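Remarks on the structure that follows.
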Amino acid sequence: VEARIQHPDGSIRWLNVRGEPRVNDGAVVTLRGAVHDITEQKRREEVLRELYETTSDRHKSFDEKVQTLLELGRRELDTEYGTLSKIRGDEYIFEFVDTEDDSIQVGDVVPVSATNCELVASTEQTLVLGDIQRDAPGETDRDGFSEWGISCYIGAPVFVDNDVYGTFCFYDTTPRDGQFSEWQETVVDLMSTW
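So for the sequence shown, the working numbering puts the first residue at 1163; every next one is plus one.
Structure follows, in structure tokens:
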């Protein structure tokens, strides 16, 4: 049985309860068995549902879908920036941007060599850097790190007709103590594949 409860701190928790109840005068007084907290599983199911509903919504335009995915990604990954960008030759063009500040705008163009997205495009693989200085010290000479202060990054290639079109990426100016999780990498991969 799955149960939704309110924790004393006010948060909502989900529990999976298995076992045999001991009943006394019609009321369950104890439970022999196991109780597992499945709150994280339920949260992930909600994210997947939101991804599916966004991408399959026939009433939303492509632009609205991308913007919703960037908002969802920033929330799920806890980053300052989310972008869908196009790589054209040596140029990196911001096509969609989700952030609270105005440091980057839709239509901005920077050299692709200044970005970690160059690595994503050249390897055609997802790149995960919880702390660029720690995880990829050889990349700290890029303008993204040295001038713009991008300290953590996760991005995946976007393909059109089997060629790398650009990247779907999320980044922050604060490095992470650890790494982006496998779950977070999966979320970015799902977004870029769509």
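For every residue, glycine included, the Cβ atom is placed at its ideal position computed from N, Cα and C. Since the model is a prediction, treat every value here as computed from it, not as a measurement.
query: Is the Cβ-Cβ distance between Glu1257 and Val1271 less than 8 Å?
result: no
field: Candidates Glu1202, Asn1186 and Glu1182: closest to Ser1173 by CA position
entry: Glu1202
- request: For my contact list, Thr1336 and Ser1313 are in at a C-beta cut-off of 8 Å; report their separation, rounded to the angstrom.
  value: 6 Å
message: Could you check if Tyr1214 belongs to the surroundings of the ligand GDP, using beta carbon to heavy atom distance under 7 Å?
response: As presented, the structure is devoid of all ligands, the ligand GDP included, so that no description of it is given.
Beta carbon of Gly1317 nearer than 8 Å to that of Thr1355: If you check the CB distance, Gly1317 and Thr1355 do not come in under 8 Å.
- prompt: Bridge partners of His1383, per DSSP?
  reply: Outside the displayed span of the chain (1163 to 1356) sits residue 1383, for which this structure offers no information.
message: Let's see if you can read the secondary structure: which residues bound the alpha helix (DSSP H) around Asp1297?
response: Its alpha helix (DSSP H) spans residues Ile1294 to Asp1297.
query: Taking DSSP as the reference, what is the three-state secondary structure of Arg1250?
result: strand
query: If you drop the 5 nearest sequence neighbours on each side, which residues of the same chain put their C-beta closer than 7 Å to that of Glu1347?
result: Only Thr1288, Val1290 and Ile1316 meet the Cβ criterion.
task: Report yes if the CB atom of Thr1216 is closer than 8 Å to the CB atom of Lys1227, and no otherwise.
output: Yes; because the gap between Cβ atoms is below 8 Å, this pair is in contact.
message: Give me the residue from Asn1278, Glu1286 and Leu1281 with the minimum Cα distance to Asn1324.
response: Glu1286
- request: Name the two residues that bound the continuous beta strand (DSSP E) containing Thr1329.
  value: Asp1325 to Asp1334
query: If you follow the beta strand (DSSP E) that Gly1269 is part of, which residue opens it and which one closes it?
result: Under the DSSP assignment, Gly1269 falls outside any beta strand (DSSP E); it carries neither an H nor an E label.
task: Take the Cβ of Phe1307 as the centre, count every other Cβ of all protein chains shown within 10 Å, and call the residue buried at 16 or more, exposed below.
output: buried
- request: Report yes if the CB atom of Gln1341 is closer than 8 Å to the CB atom of Gly1311, and no otherwise.
  value: no
field: Alpha-carbon spacing of Asp1171 relative to Glu1207, whole angstroms
entry: 23 Å
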